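Position in the sequence shown counted from 1, then plus 384, gives you the numbering used here.
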Amino acid sequence: MRFDPATLVYNEAGLIPAIAQDAASGEVLMMAWMNADAVARTLETGRVTYWSRSRQDFWIKGESSGHVQELVAMRVDCDRDCLLVSVNQTGPACHTNRRSCFYTEVQDGAEVEIMAPVEA
């Protein structure tokens with residue numbers, strides 16, 4: 385059966401959350417949004433493409449930073465309303481220059497930064 389991005393369940397804005405995970409380590413790197421065209425472009429090109437809600441435009445990860453996400457696999461969850469994108473990540477995934485966007489942990493009711501920015 386051929387996959388059709390239109391069969392996914394999108395929110396009222398036509399978007400679906402996509403969680404990026406490092407293919408080698410399993411580390412969760414980031415979450416961003418895709419629309420049906422971004423899903424299709426990602427599958428066609430092998431370069432992970434998101435939808436920027438602020439710019440209302442496509443955002444190919446690494447296009448300006450060089451921190452590219454190369455698609456290894458795409459999984460669809462059981463409700464078809466969330467994607468897991470397995471990637472080969474070049475450089476930091478987070479715009480704060482950290483390996484992961486999930487660099488703050490709640491410990492004993494306090495926020496603790498558990499990951500420093502990557503040194504340039």
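We put the beta carbon where it would ideally sit given N, CA and C, even for glycine. Just so we're clear, the structure is a prediction, and the values are computed from it rather than from any experiment.
Less than 8 Å between C-beta atoms, sequence neighbours within five positions excluded: which residues of the same chain meet that for residue i?
| i | result |
| --- | --- |
| valine 393 | Ile400, Asp463, Arg464, Asp465 |
| glycine 450 | Thr474, Gly475 |
| glutamate 411 | Gln405, Arg483, Ser484 |
What is the DSSP secondary structure of residue i, reduced to helix, strand or coil?
| i | result |
| --- | --- |
| arginine 431 | strand |
| alanine 404 | strand |
| arginine 459 | strand |
| threonine 480 | coil |
| aspartate 441 | strand |
| alanine 420 | helix |
If you drop the 5 nearest sequence neighbours on each side, which residues of the same chain put their C-beta closer than 7 Å to that of residue i?
| i | result |
| --- | --- |
| aspartate 406 | Leu413, Val471, Gln473 |
| isoleucine 444 | Arg431, Thr433 |
| valine 456 | Ala407, Ser470, Val471, Asn472 |
Would you give the residue range spanned by the beta strand (DSSP E) that residue i belongs to?
| i | result |
| --- | --- |
| valine 496 | 494-497 |
| methionine 385 | Unbroken run through methionine 385: none, as it is neither H nor E. |
| isoleucine 489 | One detail in the question is off: residue 489 reads as glutamate in this sequence, not isoleucine. First-last of the beta strand (DSSP E) with glutamate 489: 488-491. |
| asparagine 472 | 467-473 |
Residues in its own chain within less than 6 Å of residue i by CB, not counting five upstream and five downstream?
| i | result |
| --- | --- |
| leucine 427 | none |
| valine 502 | Pro476, Asn481 |
| serine 436 | Trp443 |
| arginine 483 | Pro476 |
| aspartate 441 | none |
Indicate whether the contact test is met: 3 or more Cβ pairs, each with one atom in the region 485-494 and one in the region 420-431, closer than 8 Å.
By the criterion of at least three beta-carbon pairs nearer than 8 Å, the region 485-494 is not in contact with the region 420-431.
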